[in-house]
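Working notes, beginning with the structure itself.
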Amino acid sequence: MRETEEQEQLEQFASDNYAGICPEAWQALDTANRGHARAYGDDPWTAQAADAFRALFETDCEVYFVFNGTAANSLALASLCQSYHGVICCEQAHVETDECGAPEFFSNGSKLLIAPAIDGKLTLDSIHELATKRQDIHYPKPRVATITQSTETGRVYTLAELRAISDACKAHGLYLHMDGARFANACAGLGCSPAEMTWKSGVDVLCFGGTKNGMAVGEAVLFFDRKLAVDFDYRCKQAGQLASKMRFLSAPWVGMIESGAWLRNAAHANQCARVFAELIKGIPGIRITYPVEANAVFISAPEEVLNRLRDSGWHFYTFIGGAARFMFSWDSNPARLEAIYRDLKHCSAETPITP
Ligand SMILES: *Cc1c(COP(=O)(O)O)cnc(C)c1O
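Quick note: our numbering has the sequence shown finishing at residue 1175, numbered continuously throughout.
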């Protein structure tokens, strides 16, 4: 038994969704599992989780719980759009690259309008350009801009950047949606409050990720303008996102928010990323490609070095952001940072640098 357990431990910095469930979320599941409760969200945990979000965000928002980020983003965008609308996003956005067309599918055809990612972010210029480039009836009417916080490349929009983006959205009659699959990492990175990062900066709808934050499953969709949430419950049900035993989606949020684990987990992951970046920055031939502002470190290194690192047993992705991505989670082991640093240094020293 013990041996199998050890064999199944994957040593990796590939993604924060390889990690397990944190104690606070697990404990809340266990508490919710003692006995019976009403189904479909009509239970005390779901009410308590929604209230916990309202307290955390210091506002009376509408809160929904869905199974994953693709559903959260797609259904949120669908609720902001008619089928003839357009959604402005950057080319690296998860909604564009990793959701299999779900935003278009659930909105019955709203088109994603793609902007170049400048240093991993959507820019004001792109919003302006895409919002104004066509005014005629032959092109989808821009209706929403969506940004990812923290970004797919581990960057964080500052509060000033968020406010400038929301001002641009307002000027063009666009709603602002935030994909917060790593929202907690962004809050920990900036050291600002959830309210400052969202409605106080002009965000209309937030998808707050629980999975990468240490839960088993689940994302919360927060509407800061309640009018935008009209019939969202029907949308969730039709999309197969209304959990019958809802308490197991919602109770972990109570544990995460009331204990502060949501922020602690993210701060730990971010800290591991900073330590790793600091360790490796002197290795010849290795370049950190994006500023480290959340829980990811992207490096460019000769293909051979990365292959050797893989051969020595480390897992990481190279298909995102044009570089090798090392991603840290709530339970990343600080002691193993030294180990991967040593291996990377070793692999790099073994590989002659070709100009
Ligand atoms: C992980 C992630 C999601 C959610 O993905 P699911 O697999 O659908 O849960 C959404 N946006 C970003 C930026 C992500 O990294």
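Glycine residues also receive a C-beta, built at the ideal position from the N, C-alpha and C atoms.
Beta-carbon spacing of residue i, residue j below 9 Å
i	j	result
residue 1109	residue 1119	yes
residue 846	residue 1066	no
residue 1045	residue 1024	yes
residue 941	residue 981	yes
residue 1026	residue 1092	no
residue 834	residue 1137	yes
residue 1062	residue 1012	no
residue 1081	residue 843	yes
residue 994	residue 962	yes
residue 1075	residue 849	yes
residue 1085	residue 1029	no
residue 875	residue 1077	yes
Burial state of residue i (16 or more Cβ within 10 Å)
i	result
residue 921	exposed
residue 1139	exposed
residue 853	exposed
residue 959	exposed
residue 1123	exposed
residue 969	buried
residue 836	buried
residue 822	The pLDDT assigned to residue 822 is 49, lower than 50, so where the model puts this residue is not dependable; a value taken from the coordinates is nonetheless given after this. Classification of residue 822: exposed, given that the 10 Å Cβ count is below 16.
residue 863	buried
residue 1040	buried
residue 893	buried
For residue j and residue i, the rounded distance between their alpha carbons
i	j	result
residue 1003	residue 1105	32 Å
residue 1043	residue 1007	18 Å
residue 1115	residue 973	10 Å
residue 977	residue 1038	24 Å
residue 902	residue 930	7 Å
residue 1083	residue 832	22 Å
residue 1049	residue 899	7 Å
residue 1164	residue 1036	31 Å
residue 841	residue 1032	9 Å
residue 872	residue 1089	23 Å
residue 1169	residue 949	46 Å
Extent of the continuous beta strand (DSSP E) to which residue i belongs
i	result
residue 1166	No beta strand (DSSP E) holds residue 1166; the alpha helix (DSSP H) holding it covers 1154-1170.
residue 967	961-968
residue 1146	1144-1147
residue 1042	1039-1043
residue 1197	Not covered by the structure: residue 1197. The range shown for the chain is 821 to 1175.
residue 1120	1116-1120
residue 882	882-886
For residue j and residue i, believed in contact at Cβ under 8 Å, the rounded distance
i	j	result
residue 938	residue 985	Actually they do not touch by this definition, with Cβ atoms about 13 Å apart.
residue 1155	residue 895	At roughly 41 Å, the Cβ-Cβ gap does not stay under 8 Å, so residue 1155 and residue 895 are not in contact.
residue 1150	residue 869	Actually they are not in contact, since the Cβ atoms of residue 1150 and residue 869 sit about 19 Å apart, beyond 8 Å.
residue 992	residue 935	The pair is not a contact, with the Cβ atoms about 13 Å apart (cut-off 8 Å).
residue 890	residue 924	No, residue 890 and residue 924 are not in contact; Cβ-Cβ is about 12 Å, not under 8 Å.
Boundaries of the alpha helix (DSSP H) in which residue i is found, first to last residue
i	result
residue 1092	1081-1100
residue 1017	1014-1017
residue 931	Run containing residue 931: none in the alpha helix (DSSP H); it sits in the beta strand (DSSP E), 931-935.
residue 985	979-991
residue 873	864-876
Distance cut-off 8 Å: residue i Cβ against heavy atoms of ligand 3
i	result
residue 1027	Among the ligands present in this structure, namely ligand 1, ligand 3 is not found.
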